[in-house]
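Q:
Number of protein chains: 4
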Amino acid sequence: MVIIMTPTADDVQLTAVQDKLVSLGFRVHRSRGVRFTILGAIGDKTGVDQRALEALPGVQSVVEISEPYKLASRTFCPEDTVVNVKRAHIGQGVTLMAGPCSVEDEDQIMRLAEVAAQNGATVLRGGAFKPRTSPYSFQGLGEAGLELLRRAADRFELAVVTEALEPDHVPLVAAYADMIQIGARNMQNYALLRKVGRSEMPVLLKRGLSATLKEWLMAAEYVLSEGNSQVVLCERGVRSFVDHCRFMLDFAAIPALRQMTHLPLIVDPSHAAGRRELVIPLALGALAVGCDGLIVEIHHDPKSAQSDGPQALLPEDLARLARQIDRNCAVSSEVG
Amino acid sequence: MVIIMTPTADDVQLTAVQDKLVSLGFRVHRSRGVRFTILGAIGDKTGVDQRALEALPGVQSVVEISEPYKLASRTFCPEDTVVNVKRAHIGQGVTLMAGPCSVEDEDQIMRLAEVAAQNGATVLRGGAFKPRTSPYSFQGLGEAGLELLRRAADRFELAVVTEALEPDHVPLVAAYADMIQIGARNMQNYALLRKVGRSEMPVLLKRGLSATLKEWLMAAEYVLSEGNSQVVLCERGVRSFVDHCRFMLDFAAIPALRQMTHLPLIVDPSHAAGRRELVIPLALGALAVGCDGLIVEIHHDPKSAQSDGPQALLPEDLARLARQIDRNCAVSSEVG
Amino acid sequence: MVIIMTPTADDVQLTAVQDKLVSLGFRVHRSRGVRFTILGAIGDKTGVDQRALEALPGVQSVVEISEPYKLASRTFCPEDTVVNVKRAHIGQGVTLMAGPCSVEDEDQIMRLAEVAAQNGATVLRGGAFKPRTSPYSFQGLGEAGLELLRRAADRFELAVVTEALEPDHVPLVAAYADMIQIGARNMQNYALLRKVGRSEMPVLLKRGLSATLKEWLMAAEYVLSEGNSQVVLCERGVRSFVDHCRFMLDFAAIPALRQMTHLPLIVDPSHAAGRRELVIPLALGALAVGCDGLIVEIHHDPKSAQSDGPQALLPEDLARLARQIDRNCAVSSEVG
Amino acid sequence: MVIIMTPTADDVQLTAVQDKLVSLGFRVHRSRGVRFTILGAIGDKTGVDQRALEALPGVQSVVEISEPYKLASRTFCPEDTVVNVKRAHIGQGVTLMAGPCSVEDEDQIMRLAEVAAQNGATVLRGGAFKPRTSPYSFQGLGEAGLELLRRAADRFELAVVTEALEPDHVPLVAAYADMIQIGARNMQNYALLRKVGRSEMPVLLKRGLSATLKEWLMAAEYVLSEGNSQVVLCERGVRSFVDHCRFMLDFAAIPALRQMTHLPLIVDPSHAAGRRELVIPLALGALAVGCDGLIVEIHHDPKSAQSDGPQALLPEDLARLARQIDRNCAVSSEVG
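First to last, the sequence lines map onto chains A, B, C and D. Going by the working numbering, the first sequence opens with residue 187, and the numbers climb by one from there. Going by the working numbering, the second sequence opens with residue 187, and the numbers climb by one from there. Going by the working numbering, the third sequence opens with residue 187, and the numbers climb by one from there. Going by the working numbering, the fourth sequence opens with residue 187, and the numbers climb by one from there.
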C-alpha cells in the first residue's frame, strides 16, 4: 500500500500515519519529494480498510497495490480451477448451458432439455424462482418448477443450474439442482452468498449490473471464505448509456479476469443482448476472446414465453450455434 | 401501449398481434403508414409484460405510455405522502437524519446522538448490520449495536433508522428501530422488500447503484403491494465514470420523481461524496433542488471510525450545515 | 412518428398538434385511449426536429419510428458497401490495418511497415498529427510524418490511413494518404466532417467516446450528404465505469449496425484495451462477432514509443494474430 | 510520481526504470516490499507521459501525484480568477446569462434580450452557428445571427456570448461577440482551443459529454498555454444511463473543481434537463452548491423555437428564477 500525503502535511501528521501503519503490522518506508511525501506500507493488508487510512489528517490518497481478495486471486492459486457439475467440467474446454428463461410446464421443459442435450449442452438452465422488476409479473413455478427441471435433466443426462433468490431457498434448490445460480441483482446479497458458501454446491455467480471486477471477486470471496471453492463467474453485461442492447457485455473482462483469478468464467449473451439476432454473434465473440463457456436462453415458441421471449434462441438457432462452436473448437485444438 | 410493427410485417402477423392484445383485455386502434403500421393498445396494462409483446413476429418495438408501477404513482395518489417516524414528518418541511456509519460503542453513539439532536436532527442513523464489500471487513455489532442505538435515541428523543440486510433481520431490527433502511445493494432483494412490506415499519428505500427511476419505483411497489404504504425514497448517487466522487448524485431525479410519485424523497450526500469537503455543498444543493430531507454521516473522531471515516462530517460541520438549513428555510417560508 | 399526448391535454392542444403535423407534410391518425391520446404521423420526417414537436403544449413524448439518418441507412441502400483503398477492399473479407500510434522517424516507420506487410496488413496506420489530451505532450511530426508514411507504404505496397485533426489539414493529408481518419474526439466536428465529405478520399470515422449508434450514423451522414460515400466506421470503445481497460468495446454494436447501415465496420482493439495483453483476445473476438477488419497499433520497441507504448503489439504478437486470423478465415470459408 | 513494479520484476528491469526516470530529470527513491518494489520519482513531471513509463518492462502501474495541468491549477494560482465581460464579473457573485438556443430573427432576439436584461442577466446567449446532430437540421443564421445578437445586446447593455464551431469562425465571432463559447462536442477540438487561446477574448469552455475533470482542465490548459487566461468553465451534464433527463449534471464537480482550479465555473441546467420543468430546480441547486453563475435558455414562444424548445424557460419562468436568486443572495450576504 502506498500512502500519499498532501503537500501541506506536517511532521506530526506524518508520524501519526506512520504509527498507525506500524500498529496495523506494516513496515514503513518514507520517501520525501519536493511537494509530496510518500509512505510505502509493506506487509499483508488483508482486512485493513483503505478508507480508514484516507481519513487520517494529512493523507491525500491511498493506493492499493495487492488485491483485496485473497482466495479468489491468481496469486493464491496459480492453477486454473475446474468446477465439475456432472458431465460438465467448467474451466476445461467449452461448456454449454442452455434452457428457457423460466420453467413453464412439463411439455416445455422436456422439449427444451432435449434440444439442449442434442446440441451439446451439458447443463440445463431454467428459472423456478424468478427475480422480476415488477411484483405483478410472473414469479416462477417455485418448487414445482424445480421438480420439472430435475426430471427433464435426468431424462437427458443433463445437470441443472437454477437461481436461488434468498437464503431460505438454498436448501430447497440444493435438493433439486446441481449448481446454484446467484443472479446479478444479488451479487452483493451477502446473506445469500454466505449461505451458498456453506452449502457444498457449485455456484454460478453472475456479475452485478455495475460491478467492477474487484467488487465481483470480493463477492466470490464471500462464498470461498465459507469453504466452498466451486465458484464459476458469469459475465452478463453491465449497464451503459447505449440503447441498441440491454446491457453491454464487457469482453475485456475475460482476459483481465484470467490474470486476476483462477476461477472459471462463462458468458451469458442472452440477457445482455435482449434480442435474438444479437445472441449468436456475441456468443461466438465471447468464445473467441477466451471464456470457458456459454449460458443461453432457448425457447421453442418464444412468442408465448412467460419471460424474456425476445432474446430466446429457437431450437434451430441453438443447433447453428453448436455447429459453429464445434468447428471453432476443432480449429483451436489443431492450433493447439 | 403502442406497438410498432416492422416495415416487412404482413397481415397474418398484424392480426396475430391484434388478437393477442385483445386476449389481454386491450382495445386496439390500427394506424397504417407508408412504411410502418402502428397499433395503439388501450386499456390497463398492469401485469402485462411488454417484452412478451416484443417477442411476437413482426413487432419492431413496444412503447409504454402509462407507468408500470401503480401504488407508487402520482396518478394513483395525487397528494404527497407524509411518513411519520416519531417527531419526524418526512415529506413536510426538511427532515434531518444524522449519525455514524457504524455503531461502534456506547460512548460514540451517545456523543453522536447528542450532536445530532442539538443540530435539529430528528432521526438517528447508524449501522448495526453493515453490508461490506469484503468479507474480512468489520461487519457491525449486530443486536448489541441495535440496543445501543435505541438507548442513545431514547435519551435524546430521536427516532432510529438502521439497515436490515436480510429477511431474517427484519423482526430483530423492527424490535429496536423506528424505520428500516434497505441499502442500495438490496434495492432489488425482493424477499427483503416483501418482508418489510409485511411489517408495519416505515421503510427508507435507497436507490440501487445503477437503477433507473422506474426500477426504483418498482422496488417501492414491492413494499407497497404488501400493504405497507410508509416508504421514503433515498437518492444516494449512481455509478459513473468520474473519479472525483464515489457516486454521482442525480439531482434531476428530485423534480422528476415529484411528477412520477407521491412518495417523499431524501438525499444521502455522504456516500455519494466519499469525502468530507463535498458533503455540505451537495447537501445544500439537494435541499435547494427540493428534496424532503437529508441523511448524513457524522463522527467526532473520523480518523478512528471503523468505516467510511473520510466522508463523516465533524460535529462542527453538522452545526454549520444546520445553521445554513435554518436560514434557507426561513427564506423559503417568507417566499412561501 | 408517434406523438403521445399527456392525459390532461385538451382538444385545443390536440388540434394544434395535428395542424402542426399537417403543416409539416404528415398525414395524421388519431387514436384516443382511456387516459392517453396518440397521434400517428405518417410521412417523411427527414429534417423534422422531433424536439420541436415535444415543445408543443399537451405533448408528453414523441417516438421516432423511422431513422433520422438517410444515406447511411440500410433502408436507403440494402447492399453492403465495399470501400476500396488500394489493395484493401473494406467490407469484403477481413482487412488488417497496422502501424505505430505515432510516426517517429524513418527507421521506425520502415521497420513497422515491413512488419505490417509481412503479416497480411494492406493498410499502414500512423499518426502525423496527434490529438493529445495535454498541450505539453508530443503532437506528432506533421507533414514530415506524412512524407515518411507515404514512403514506407509505397515501399511495401500498403495504403496509408492517417488522421486529420482540423479542416485545414484535409488537403495536406489528402496529398499523402489514401484514407483520412476522423478521430473519436472529432466525431462531431462538423466542419471537419463536411471538409472530408467534399474530398474524394475514403474516410475512417471513429466512434465518439460516448456516442450512441444513431449519433455515429448521423456523423457519417454529414460526410455522405456532401457526396462522399466512402465511409468506414471504426468502433474503438466507449467510456464506462470499469478500470481494467481504457474504454469498453461495444461488441453488440457490430451486429446492431449491420441491420442499421450498409457501411463497413472495423474495430480498434488497441485504444480500447490500453494494455497489450488484452489486444489479441479482443481482436479475435471482434472478428468472430463479425466486423470487417481490425486496426491495431504495433511497435518494435514499445518502451521507447512516443505515445501509447503500453498497448502496442510487438512484431511477434502481430504475427501470432495474423496466423490466428488466417486459420479462422479458412474455417469460415469452409463453413460458407 | 510513484512507479509500482510487478512482483516478478527483476533487478535489470528495476535498474532500467530507474535510469529512465533519472534521464527524465527525476530523483528516485526505491522502497522494496515483500512482493512489490515501489519507485518514488521526485521532480517536475509536466510534459512526461505517464503511459510511456507504463510501457517499460516490469512496470505494473504508475500513479500520478501532482496534476498534469499547470496554468489551470490552484497550485499555480491560489487566488480565484475573475473574468470580466462588460458588466459581468464572472467569479464574483452570481452571473446570469440568458437567451435563446438559436437566434431566429430580429423580433425574437430583441424581445428575449429585453427579458434577459429585465431579470438581471448581464450576458446574452444565442447561437448563430449551431452544432446539430443531423446535417438536415437548422444550422443557425451565421453572420446575420451575430449581427442581430450584437444589436440586441447593445440596446439592453448586455454582453454577448456565442459559439464558434471551427477555427475559421473565431475572427468573425470575435468581431461581434464579447465572449466565445466552445461547445461540449468541441471540448477536445485542439485547433479551435488554440485559436481562441491566441485571441484576446474571454472563453466559455463547456465540459465534454463524458470528460473527466482532469481532461476538462487539460482542455482549458490548451487555451491558457496560448496566453489567454480568461477561461470560464461551464458544467452542462454528462452522459449516463438514466432516461429522465438528457444529461446528468455533475454537482460534485463544483466543489471538486474549486480545489483543483482557480477558474470560475458556471452551470447550464437547460441542456442537462432537456425539459423545462427540471430547469429551475437544477438552477437553484447549482447555485446552492456554489457555482459562479448560470447560463439558461429562454424563449417567448417555445413551441415555435427552431431548436431545443422543450427546455426553454418562458419569460415568466426567468422572472421567477431571478426573484429566487435575489432572495438567496440576500441571505448569503447576510450570512457572510
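Beta carbons: idealized from backbone N, C-alpha and C, even for Gly. Just so you know, these numbers come straight off a predicted model, no measurement behind them.
When the cut-off is 8 Å and only beta carbons count, does I189 (chain C) lie next to chain B?
A: Not closer than 8 Å to any Cβ of chain B, the Cβ of I189 (chain C) fails to qualify, so no.
Q: Give the single residue among B:V269, B:A405, B:L410, B:A370 whose Cα lies nearest to the Cα of D454 (chain B).
A: Closest by alpha carbon: B:A370.
Q: Helix, strand or coil for V521 (chain A), going by three-state DSSP, please let me know.
A: For V521 (chain A), the predicted model reports a pLDDT of 46, less than 50, meaning its position is unreliable; a value from the coordinates is still stated below. Here V521 (chain A) sits in helix by DSSP.
Q: Determine, using beta-carbon pairs with one atom in the region 333–348 of chain B and one in the region 284–295 of chain B, whether at least three such pairs fall under 8 Å.
A: These segments touch.
Q: Are the region 398–414 of chain B and the region 414–426 of chain C touching, with three or more C-beta to C-beta distances below 8 Å?
A: The region 398–414 of chain B is not in contact with the region 414–426 of chain C.
Q: Grouping DSSP H, G and I as helix and E and B as strand, with all else coil, what is M446 (chain B)?
A: If DSSP states are grouped into helix, strand and coil, M446 (chain B) belongs with the helices.
Q: Cβ of V214 (chain B) within 8 Å of Cβ of L207 (chain B)?
A: Against a cut-off of 8 Å, the Cβ pair of L207 (chain B) and V214 (chain B) comes out as a contact.
Q: Any Cβ of chain B within less than 8 Å of the Cβ of Q445 (chain A)?
A: No - not a single Cβ of chain B is within 8 Å of the one on Q445 (chain A).
Q: Under a Cβ-count criterion, where at least 16 other Cβ atoms within 10 Å of its own Cβ denotes burial, should C515 (chain B) be classed as buried or exposed?
A: Exposed, since its Cβ has fewer than 16 Cβ neighbours within 10 Å.
Q: Quick one: using the 10 Å Cβ neighbour count with 16 as the cut-off for buried, is G522 (chain A) buried or exposed?
A: Caution applies to G522 (chain A), whose pLDDT of 38 falls short of 50 and renders its modelled position unreliable; the value that the coordinates give is listed next. Classification of G522 (chain A): exposed, given that the 10 Å Cβ count is below 16.
Q: Could you confirm whether any beta carbon from chain D is found closer than 8 Å to the beta carbon of F427 (chain B)?
A: Judged by the 8 Å Cβ criterion, F427 (chain B) is in contact with chain D.
Q: As a quick exercise: from D:M191, D:T223, D:R237, D:M283, pick the residue whose alpha carbon is nearest that of E343 (chain D).
A: Selected option, being the one with the closest Cα: D:M283.
Q: Under a Cβ-count criterion, where at least 16 other Cβ atoms within 10 Å of its own Cβ denotes burial, should D436 (chain D) be classed as buried or exposed?
A: D436 (chain D) comes out buried.
Q: Indicate whether at least one CB of chain A lies closer than 8 Å to the CB of V309 (chain D).
A: Closer than 8 Å: no.
Q: Grouping DSSP H, G and I as helix and E and B as strand, with all else coil, what is H355 (chain B)?
A: H355 (chain B): helix per DSSP, three-state reduction.
Q: For E265 (chain A), count neighbouring Cβ atoms within 10 angstroms of its own Cβ and tell me buried if that reaches 16, exposed if not.
A: E265 (chain A) is exposed by the Cβ-count criterion.
Q: Taking DSSP as the reference, what is the three-state secondary structure of V301 (chain B)?
A: Correct three-state label for V301 (chain B): helix.
Q: Do V249 (chain C) and L239 (chain C) count as a contact pair if the criterion is CB distance below 8 Å?
A: Cβ distance not < 8 Å, so L239 (chain C) and V249 (chain C) don't count as in contact.
Q: Taking S252 (chain C) as the query, report the chain B residues whose CB atoms sit under 8 Å from its CB, ordered along the chain.
A: In chain order: R221, F222.
Q: If we count the other Cβ atoms within 10 Å of its Cβ and call it buried at 16 or more, is P388 (chain B) buried or exposed?
A: Under this definition P388 (chain B) is a buried residue.
Q: Is there a C-beta anywhere in chain C that falls below 8 Å from the one on H215 (chain B)?
A: True, the Cβ-Cβ gap to chain C drops below 8 Å.
Q: Which residue comes first and which comes last in the alpha helix (DSSP H) that contains M404 (chain A)?
A: Looking at the DSSP string, the run of the alpha helix (DSSP H) that includes M404 (chain A) is 399–410.
Q: Going by DSSP, what residues sit across from T348 (chain C) in a beta bridge?
A: In DSSP, T348 (chain C) forms a bridge with C:I366.
Q: Kindly say whether E352 (chain D), judged by its beta-carbon, lies nearer than 8 Å to any beta-carbon of chain C.
A: By this cut-off, E352 (chain D) is an interface position.
Q: Identify which residue in A:L419, A:E290, A:G279, A:A330 has its Cα closest to the Cα of G306 (chain A).
A: Ranking A:L419, A:E290, A:G279, A:A330 by Cα distance to G306 (chain A) puts A:G279 first.
Q: Is it the case that the Cβ atoms of S147 (chain A) and S396 (chain B) are separated by a distance below 8 Å?
A: Given that chain A is displayed from residue 187 to residue 522, the structure contains no residue 147 (chain A) and the question cannot be resolved.
Q: With a threshold of 16 other CB atoms inside 10 Å of the CB of G211 (chain D), please say whether the residue is buried or exposed.
A: Label assigned to G211 (chain D): exposed.
Q: Looking at the C-beta of K489 (chain A), does it have a partner C-beta in chain B at a distance below 8 Å?
A: Cβ-Cβ to chain B under 8 Å: yes for K489 (chain A).
Q: Under 8 Å by Cβ, that's how I've got E407 (chain D) and K256 (chain D) pegged, so tell me the actual separation to the nearest angstrom.
A: With a Cβ gap of about 7 Å, E407 (chain D) and K256 (chain D) count as contacting.
Q: So, is the C-beta of V249 (chain C) closer than 8 Å to a C-beta in chain B?
A: Yes, its Cβ sits closer than 8 Å to a Cβ of chain B.
Q: Between the Cα of S490 (chain B) and those of B:L500, B:V482, B:I481, spot the shortest distance and give me the residue it belongs to.
A: The option with the nearest alpha carbon to S490 (chain B) is B:L500.
Q: Alpha carbons only, please: which of D:A469, D:G479, D:C477 is nearest the one belonging to G476 (chain B)?
A: Ranking D:A469, D:G479, D:C477 by Cα distance to G476 (chain B) puts D:A469 first.
Q: Please report the straight-line C-alpha distance between Q236 (chain B) and H485 (chain D), rounded to a whole angstrom.
A: Cα-Cα distance, rounded: 38 Å.
Q: Just checking my contact of M446 (chain A) with L403 (chain A) at CB under 8 Å: how many whole Å lie between their CB atoms?
A: Sure, about 7 Å apart at Cβ, within 8 Å.
Q: Name the chain A residues that come within less than 8 Å of E463 (chain C), Cβ to Cβ?
A: Per Cβ cutoff of 8 Å: P441, Q445.
Q: Using only the alpha-carbon positions, how far apart do T281 (chain A) and V301 (chain C) sit?
A: Going from the Cα of T281 (chain A) to the Cα of V301 (chain C) covers about 37 Å.
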